[in-house]
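> My numbering puts the sequence shown at residues 1088 to 1271. Where a beta carbon is used, it is the ideal one built from N, C-alpha and C, also for glycine. Bear in mind the structure is a predicted one, so any value in this text is a computation, not a measurement. Take this structure, written in structure tokens, and hold onto it; I'll ask about it next.
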Amino acid sequence: MKKIALLFLFFLVNLNIFSQKKENFKPGVSLIEYKIMSDLTSQNSILFIFEGDTHLINFYLDLKENLVKRFKNSKVKVDFNYELFSKKPFKSDLSLIPKQTSSKNNYDLICSISLLNFKSFDEHLIKKRKQNYNLNLKFKEKKTNELINTAIINVNSFYTITTQNKNLSKVIYNLISNSPQSYK
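Given below as structure tokens:
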């Protein structure tokens, strides 16, 4: 009986040791998927459309700021529309959403951006809280209104989801400037 109890205790200890494998979490941005249906022709003007929940407005406003900085030195005109909805939106979120919308007809390229598969870990640790999410991008040309390219970008971040927006804007800029391999 003692041998069986000792053997059982040995398996429990080993099971506990192996189940607590530490995962390595590195903040950063990586391009998971990039499908090219046809080449981007004219890119003189781009309309970014942010889609999703109204609670993501601060994330999208910060991403907009980083995208504006990234495109500032290029000759590409960029503008932004917000198509955000929620069943029970906060008044503070609604007040932050810009009311002005731009017509899709005035732009050569339309890029829809939405956040998918959001996961948050270690929420009880304020500064070391971890987030993982995918950003879905769909590029359409105004002339044909057909989907030209799609991309999925995976983002790991600490503290808030906005901490990797600078790197995220760099990846988006490189995708649009036809150099997806130079996103790092």
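In angstroms, rounded to a whole number, what distance separates the CA positions of Tyr1121 and Ala1238?
Sequence index remark: in the sequence shown, residue 1121 carries index 34 (1-based). Sequence index remark: in the sequence shown, residue 1238 carries index 151 (1-based). About 4 Å.
> Which residue from Asn1111, Leu1150, Leu1143, Lys1089 puts its Cα closest to that of Tyr1260?
The residue given as residue 1260 occupies position 173 in the sequence shown. Ranking the options by Cα distance to Tyr1260, first place goes to Leu1150.
> Please check the pair Leu1222 and Ile1200, which I expect to be a contact at CB under 8 Å, by giving their CB distance rounded to whole angstroms.
On the sequence shown, residue 1222 is found 135 positions in, with the first residue counted as 1. On the sequence shown, residue 1200 is found 113 positions in, with the first residue counted as 1. Rounded, the Cβ-Cβ distance is 6 Å, consistent with contact.
> Go ahead and label Gln1085 buried or exposed: buried means 16 or more other beta carbons lie within 10 angstroms of its beta carbon, across all protein chains shown.
Past the boundaries of the shown model lies residue 1085; the chain is included only from 1088 to 1271, so the question cannot be answered.
> In chain order, which continuous runs of the beta strand (DSSP E) of length 3 or greater are located wholly inside the segment 1109-1186?
Whole beta strand (DSSP E) segments, 3+ residues: 1115-1123, 1132-1140, 1164-1172.
> Going by C-alpha to C-alpha distance, which of Ser1256, Lys1227, Leu1202 sits closest to Asp1140?
For the purposes of this step, residue 1140 is taken as the residue at position 53 of the sequence shown. For Asp1140, the nearest C-alpha among the options comes from Leu1202.
> Alpha carbon to alpha carbon, how far is Ser1125 from Phe1177?
Working through the sequence shown from its first residue, we reach residue 1125 at position 38. Working through the sequence shown from its first residue, we reach residue 1177 at position 90. One C-alpha to the other measures close to 40 Å.
> Would you tell me roughly how many angstroms separate the C-alpha atoms of Arg1216 and Lys1113, rounded to the nearest one?
For the purposes of this step, residue 1216 is taken as the residue at position 129 of the sequence shown. For the purposes of this step, residue 1113 is taken as the residue at position 26 of the sequence shown. Going from the Cα of Arg1216 to the Cα of Lys1113 covers about 12 Å.
> Can you say whether Phe1167 is buried or exposed, counting buried as having 16 or more other CB atoms within 10 angstroms of its CB?
Here residue 1167 corresponds to residue number 80 of the sequence shown, with the count starting at 1. Under this definition Phe1167 is a buried residue.
> Would you identify the three-state DSSP class for Lys1090, choosing helix, strand or coil?
On the sequence shown, residue 1090 is found 3 positions in, with the first residue counted as 1. Lys1090 falls in the helix class under three-state DSSP.
> Can you say whether Ser1256 is buried or exposed, counting buried as having 16 or more other CB atoms within 10 angstroms of its CB?
Here residue 1256 is taken as the residue at index 169 of the sequence shown, counted from 1. Flag for Ser1256 reads buried.
> Measuring straight from C-alpha to C-alpha, what distance separates Met1088 and Phe1205?
Position 1 of the sequence shown, counted from the start, is the residue given in the question as residue 1088. Position 118 of the sequence shown, counted from the start, is the residue given in the question as residue 1205. Cα to Cα, Met1088 sits roughly 50 Å from Phe1205.
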